[in-house]
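Asker: As they're listed, the protein sequences go chains A and B.
Note that this note's numbering has the first sequence beginning at 1, numbered continuously upward.
Note that this note's numbering has the second sequence beginning at 260, numbered continuously upward.
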Amino acid sequence: MSGAREPVIAARDLTRRFGTFTAVDAISFDVAPGEILGFLGANGAGKTTAIRMLTGLLAPTSGTARVAGFDVYTQTEAIKRSIGYMSQRFSLYEDLTARENIRFYGGIYGLTNAAIREETAELAEKLDLGRALDQPIRSLPLGWRQKLAFSVAVLHRPAIVFLDEPTGGVDPVTRRQFWDLMYEEAASGVTVFVTTHYMDEAEYCDRVSIMVDGRIDALGTPGELKARFSADSIDEVFVRLARGRGVAAEASKRAGAPA
Amino acid sequence: MRTIGILLQKEFRQIFRNRGMLPILFGMPFIQLMILAFAVTYEVRDTRVSLVDDDRSYVARLLVDRMEASGYFVVASRPASLALAAEDLHYARSRMILHVPRHFERDLRTGGTGRIQITLNAEDGAAAGVIQAYAMQVIASVNREIQADFVPVALPDFHGGLDVPAGSGTVAPAAGIRLVPRHWYNPALDYQTFMVPGILVLLVTMIGTFLSSMNVVREKEIGTIEQLNVTPIRKHEFLVAKLLPFWLIALVELAFGLVLAKVVFSVPMLGSLVLLFALAGVYLLVMLALGLWISTITETQQQAMFVAWFVMVIFIMMSGLFTPIDSMPDWAQALTRLNPVAYFIEIMRRVLLKGAGLADVRFHALALAAFATVLLTLAVRQYHKTTA
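#1: In three-state DSSP terms, what is arginine 337 of chain B?
#2: Flag serine 62 of chain A as yes if its beta-carbon sits less than 8 Å from any beta-carbon of chain B, otherwise no.
#3: Give me the chain B residues within the contact set of isoleucine 234 of chain A, using Cβ-Cβ distance strictly less than 7 Å, ordered along the chain.
#4: Could you tell me how far apart the beta carbons of arginine 609 of chain B and valine 600 of chain B are, in whole angstroms, since I believe they sit closer than 8 Å?
#5: Considering just the uninterrupted stretch of the alpha helix (DSSP H) at methionine 293 of chain B, what are its terminal residues?
#6: What do you reckon, are the CB atoms on threonine 120 of chain A and isoleucine 102 of chain A nearer than 8 Å?
#7: Is the beta carbon of threonine 490 of chain B sitting closer than 8 Å to the one on isoleucine 108 of chain A?
#8: Valine 334 of chain B to isoleucine 375 of chain B, Cα distance in whole Å?
#9: Cβ closer than 8 Å: which chain E residues qualify as neighbours of arginine 621 of chain B?
#10: State the Cα-Cα distance for the pair methionine 287 of chain B and glutamine 146 of chain A, rounded to the nearest angstrom.
#11: If we ignore side chains and look at the alpha-carbon of each, how far apart do isoleucine 216 of chain A and isoleucine 36 of chain A end up?
#12: Are the C-beta atoms of arginine 117 of chain A and some chain B residue less than 8 Å apart?
#13: Determine the direct distance from the alpha carbon of phenylalanine 453 of chain B to that of arginine 307 of chain B, and round the result to whole angstroms.
#14: Listing by chain order, which chain B residues have their CB less than 8 Å from the CB of isoleucine 83 of chain A?
#15: Please determine, among B:Thr559, B:Lys521, B:Leu503 and B:Ala399, the residue with the shortest C-alpha to C-alpha distance to glutamate 478 of chain B.
#16: Can you pull out the residues from the stretch 263-275 of chain B whose beta carbon lies closer than 9 Å to at least one beta carbon of chain A?
#17: Buried or exposed for lysine 501 of chain B, going by 16 or more other Cβ atoms inside 10 Å?
#18: Quick one: measure Cβ to Cβ for tyrosine 317 of chain B and glutamate 346 of chain B, integer angstroms, because I've assumed they're closer than 8 Å.
#19: Smallest Cα separation from aspartate 200 of chain A: which of A:Met211, A:Asp232, A:Arg66 and A:Leu219?
#20: My guess is that leucine 163 of chain A and valine 192 of chain A are in contact by the Cβ rule of under 8 Å, so how many angstroms apart are they, rounded?
#21: Count the other CB atoms within 10 Å of the CB of glycine 530 of chain B; is the residue buried (16 or more) or exposed (fewer)?
#22: Cβ atoms of threonine 15 of chain A and serine 62 of chain A: under 8 Å apart, would you say?
#23: Tell me which residues of the stretch 140-164 of chain A have at least one Cβ-Cβ distance to chain B shorter than 7 Å, keeping chain order.
#24: Would you say glycine 482 of chain B reaches chain A, if we count a Cβ-Cβ gap shorter than 8 Å as a contact?
#25: Does any C-beta atom of chain A lie closer than 8 Å to the C-beta of isoleucine 492 of chain B?
#26: Along the chain, where does the alpha helix (DSSP H) that runs through glycine 41 of chain A open and close?
#27: Does DSSP put arginine 354 of chain B in a helix, in a strand, or in coil?
#28: Measuring alpha carbon to alpha carbon, tell me which residue in A:Glu125, A:Thr174, A:Glu165 and A:Phe104 is nearest tryptophan 144 of chain A.
#29: Just list the residues that DSSP pairs phenylalanine 505 of chain B with in beta bridges.
#30: Could you pull the DSSP bridge partners for valine 212 of chain A from this structure?
#31: Could you tell me whether any Cβ in chain B is nearer than 8 Å to the Cβ of aspartate 134 of chain A?
#32: If we count the other Cβ atoms within 10 Å of its Cβ and call it buried at 16 or more, is glycine 616 of chain B buried or exposed?
#33: Measuring alpha carbon to alpha carbon, tell me which residue in B:Ala319, B:Gly279, B:Val323 and B:Leu462 is nearest tyrosine 542 of chain B.
#34: Would the stretch 498-515 of chain B and the stretch 469-483 of chain B be scored as touching if the rule is three or more Cβ pairs under 8 Å?
#35: Starting from arginine 272 of chain B, trace the alpha helix (DSSP H) in both directions and tell me its first and last residue.
#36: Are there 16 or more other CB atoms within 10 angstroms of the CB of tryptophan 552 of chain B, so buried, or fewer, so exposed?
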């Protein structure tokens with residue numbers, strides 16, 4: 001982890017099979033520190049399985065991967081100390097207040113009580129929480145919860161933060177604010193690994209990877225991908241790749257919708 | 260250690276923030292004890308009797324008087340014939356027919372043998388057995404009473420050739436042998452004394468198994484378990500934090516229940532309470548491990564509830580609380596040796612009512628420790644931070 005350009009995630013032929021079904025099929029890629037990688041793919045393309053392997057939740061079937069310098073087979077606990085994670089499903093405790101959630105997650109990552117108090121005050125100011133700080137999470141609007149969940153996921157200054165569809169169901173204004181938070185973290189050196197279904201969000205990423213049927217079919221900056229597929233948007237690139245693999249129904253539905 | 264502290268703080272906050280929780284924790288023991296201790300009883304009182312008295316004699320009246328005076332029987336109807344009495348029994352207007360035939364008293368005085376007939380509705384076999392036993396008791400005491408009346412009269416009338424001594428027959432015990440039952444450990448045959456310790460076991464069992472299994476599954480359902488699994492929390496830290504709160508709560512419940520038992524039911528507490536709580540601690544490990552294991556094999560609170568309920572019903576029915584284990588068939592008795600609930604009920608009764616020490620219940624204690632070891636190992640192995 002010493003060299004600045006040494007990749008913070010390095011995957012080689014990473015594969016996961018469930019019985020005869022290959023969910024992730026020999027994917028290889030590197031992610032640089034401070035990079036925002038958009039990890040795209042249709043539902044069932046294998047994104048979540050890939051993330052679960054990289055976060056140490058699921059053992060790979062074959063291939064290798066190092067995350068923050070640690071091996072995904074043998075050093076999962078070390079990986080867990082170095083990453084933040086925000087899952088598809090809601091990750092804060094709804095019956096606890098924002099302050100209590102911050103205390104809980106800060107505490108299990110080993111932040112001191114003083115550090116937790118400081119972070120709490122800082123977050124309350126940044127997210128403009130005010131009195132909401134001491135209200136149960138369940139009473140907060142979704143956008144606020146997601147921004148808070150992200151802030152809690154990076155509370156312990158991880159090397160990488162994995163975000164699995166963090167902006168699902170969130171209004172466009174809040175999504176913009178959410179991306180501002182991500183840029184801020186990336187600028188401070190945190191690598192952001194994010195999956196999304198919103199193709200406009202893909203344009204904000206440093207690089208984009210598109211998974212189809214368990215394989216990474218394209219990987220590059222949004223500009224490179226658009227040039228290579230002579231497309232006007234990442235949405236178009238996505239549809240072509242998906243159609244090429246025979247996900248016709250999904251593709252035609254997307255093609256019919258305004259980009 | 261700090262991680263466990265942080266986890267425990269969160270667990271206790273969630274448990275006590277749940278509005279339904281406090282009423283459950285302190286209302287449940289109260290309601291369970293009050294309802295079950297009074298309502299669940301092997302005793303059968305006020306059995307309704309249809310009396311068919313074809314004799315209308317002094318002894319017949321005496322018998323009926325004594326039966327009613329015992330408190331176990333009330334004459335609900337006096338039908339004119341056995342056929343009408345059978346109808347009462349059929350339509351559940353009564354539960355027993357007492358038939359005193361004609362010449363009952365005359366036969367008793369002359370032949371020494373009077374016959375009466377009782378007919379029982381035996382749909383509930385156990386209750387019918389109890390009623391019969393009560394009836395026999397009353398009849399036996401009436402027998403003694405009339406022996407005092409008749410025998411001195413009958414004996415001078417004794418003719419050398421007569422071979423039936425007065426007072427013998429179907430309903431009379433042989434004179435000379437008297438059975439004097441003495442009931443140890445619960446001398447007044449106070450039913451609540453026997454039931455309350457067992458009901459307390461149910462209470463801590465429910466807390467241990469249901470609440471712990473619901474709790475972990477709830478995190479699965481909400482999705483927060485996945486969040487926890489990507490944190491550096493160690494497996495043992497997570498498990499201790501999940502089990503310790505319910506272990507403590509259940510022990511507090513037991514203390515609360517014991518106070519109720521003492522104050523409301525005057526249950527004797529002869530043995531050492533320290534021993535009782537120490538063994539309760541081991542027993543709770545068994546039930547918490549069971550709850551944890553259930554939560555590792557299920558995905559939703561509904562499934563967990565169902566499995567926990569299934570296991571609990573079997574454990575409780577076969578615990579000796581409602582049916583004596585001694586009267587179960589051999590194979591069922593063998594099965595109860597695998598039932599931790601049965602061991603702890605036995606411990607509670609022995610320690611509280613008989614003042615048993617550790618040496619007296621060492622076998623039970625060892626069995627519980629063995630269960631705890633096996634189930635905890637099973638549950639801990641089953642719980643993974645990663646999925647295979």
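Positions of the beta carbon are idealized from the N, C-alpha and C atoms, including for glycine.
Answerer: In terms of the structure at hand:
#1: By 1-based counting over the second sequence, the position of residue 337 of chain B is 78. Here DSSP, grouped into helix, strand and coil, assigns arginine 337 of chain B to coil.
#2: As a first step, residue 62 of chain A is located in the first sequence; it is residue number 62 there, counting from the start. Taking Cβ atoms only, chain B never reaches closer than 8 Å to serine 62 of chain A, which makes this a no.
#3: One-based indexing of the first sequence puts residue 234 of chain A at position 234. Correct list: empty, because the minimum Cβ distance to chain B is about 28 Å.
#4: Walking along the second sequence from the start, residue 609 of chain B turns up at place 350. Walking along the second sequence from the start, residue 600 of chain B turns up at place 341. Arginine 609 of chain B to valine 600 of chain B, Cβ: 15 Å. No contact.
#5: Counting from one through the second sequence, the residue named residue 293 of chain B turns up at place 34. Counting along the chain, methionine 293 of chain B sits inside the alpha helix (DSSP H) bounded by residues 287-298.
#6: The residue you call residue 120 of chain A lines up with position 120 of the first sequence. The residue you call residue 102 of chain A lines up with position 102 of the first sequence. With contacts defined by Cβ atoms closer than 8 Å, threonine 120 of chain A and isoleucine 102 of chain A form a contacting pair.
#7: Along the second sequence, one-based indexing puts residue 490 of chain B at 231. Along the first sequence, one-based indexing puts residue 108 of chain A at 108. Inclusion of threonine 490 of chain B and isoleucine 108 of chain A in the CB contact set at 8 Å is warranted, their separation being smaller than that value.
#8: The residue given as residue 334 of chain B occupies position 75 in the second sequence. The residue given as residue 375 of chain B occupies position 116 in the second sequence. Linking valine 334 of chain B to isoleucine 375 of chain B through their CA atoms gives a straight-line distance of about 16 Å.
#9: Structure shown: chain E not included; protein chains present are A and B.
#10: To locate residue 287 of chain B, count along the second sequence from 1; it is residue 28. To locate residue 146 of chain A, count along the first sequence from 1; it is residue 146. The straight-line gap from Cα to Cα measures roughly 38 Å.
#11: Translated into the one-based positions of the first sequence, residue 216 of chain A becomes position 216. Translated into the one-based positions of the first sequence, residue 36 of chain A becomes position 36. Whole-angstrom Cα-Cα distance: 17 Å.
#12: As a working note, residue 117 of chain A is residue 117 in the first sequence. It does not; no Cβ of chain B falls within 8 Å.
#13: Along the second sequence, read from residue 1 onward, the residue named residue 307 of chain B stands at position 48. Along the second sequence, read from residue 1 onward, the residue named residue 453 of chain B stands at position 194. Those two C-alpha atoms are separated by around 27 Å.
#14: Here residue 83 of chain A is taken as the residue at index 83 of the first sequence, counted from 1. The answer, in chain order, is Val489.
#15: In the second sequence, counting from the first residue as 1, residue 478 of chain B sits at position 219. Distance from the Cα of glutamate 478 of chain B is smallest, within the candidate group B:Thr559, B:Lys521, B:Leu503 and B:Ala399, for B:Thr559.
#16: Here the close residues are Gly264, Ile265, Leu266, Gln268, Lys269, Arg272 and Gln273.
#17: Start at 1 with the first residue of the second sequence, and residue 501 of chain B comes out as number 242. A buried status is given to lysine 501 of chain B, since no fewer than 16 other beta-carbon atoms sit within 10 Å of its beta-carbon.
#18: Working through the second sequence from its first residue, we reach residue 317 of chain B at position 58. Working through the second sequence from its first residue, we reach residue 346 of chain B at position 87. The pair is not a contact, with the Cβ atoms about 29 Å apart (cut-off 8 Å).
#19: The residue labelled residue 200 of chain A in the question sits at position 200 within the first sequence. If we check each option's Cα against that of aspartate 200 of chain A, A:Asp232 comes out closest.
#20: Counting from 1 along the first sequence, the entry for residue 163 of chain A is found at position 163. Counting from 1 along the first sequence, the entry for residue 192 of chain A is found at position 192. Indeed they touch by this definition, with Cβ atoms about 7 Å apart.
#21: By 1-based counting over the second sequence, the position of residue 530 of chain B is 271. Buried is the call here.
#22: To locate residue 62 of chain A, count along the first sequence from 1; it is residue 62. To locate residue 15 of chain A, count along the first sequence from 1; it is residue 15. Yes.
#23: Here the close residues number zero.
#24: Mapped onto the second sequence, residue 482 of chain B falls at position 223. Judged by the 8 Å Cβ criterion, glycine 482 of chain B is in contact with chain A.
#25: The sequence position of residue 492 of chain B within the second sequence is 233, counting from 1. At least one chain A Cβ lies under 8 Å of isoleucine 492 of chain B.
#26: Taking the first sequence and counting its residues from 1, one reaches residue 41 of chain A at position 41. Not the alpha helix (DSSP H): glycine 41 of chain A falls in the beta strand (DSSP E), residues 36-41.
#27: Position 95 of the second sequence, counting from 1, holds the residue named residue 354 of chain B. DSSP places arginine 354 of chain B in coil when its eight states are reduced to three.
#28: The residue given as residue 144 of chain A occupies position 144 in the first sequence. Put simply, of A:Glu125, A:Thr174, A:Glu165 and A:Phe104 the residue whose alpha carbon is nearest the alpha carbon of tryptophan 144 of chain A is A:Thr174.
#29: In the second sequence, counting from the first residue as 1, residue 505 of chain B sits at position 246. Per DSSP, phenylalanine 505 of chain B has no beta bridge partner at all.
#30: To locate residue 212 of chain A, count along the first sequence from 1; it is residue 212. Under DSSP, valine 212 of chain A forms a beta bridge with A:Arg215.
#31: Working through the first sequence from its first residue, we reach residue 134 of chain A at position 134. Closer than 8 Å: no.
#32: As a first step, residue 616 of chain B is located in the second sequence; it is residue number 357 there, counting from the start. Result: exposed.
#33: Here the question's residue 542 of chain B lines up with position 283 in the second sequence. If you compare the alpha carbons of B:Ala319, B:Gly279, B:Val323 and B:Leu462 with that of tyrosine 542 of chain B, the shortest gap goes to B:Leu462.
#34: Because the criterion of three Cβ pairs below 8 Å is met, the stretch 498-515 of chain B and the stretch 469-483 of chain B touch.
#35: Residue numbering aside, residue 272 of chain B sits at position 13 when the second sequence is read from its first letter. Arginine 272 of chain B: member of the alpha helix (DSSP H) spanning 261-276, first to last residue.
#36: Locating residue 552 of chain B in the second sequence gives position 293, counting from the first residue. Burial check for tryptophan 552 of chain B: the Cβ neighbour count within 10 Å reaches 16 or more, so the residue is buried.
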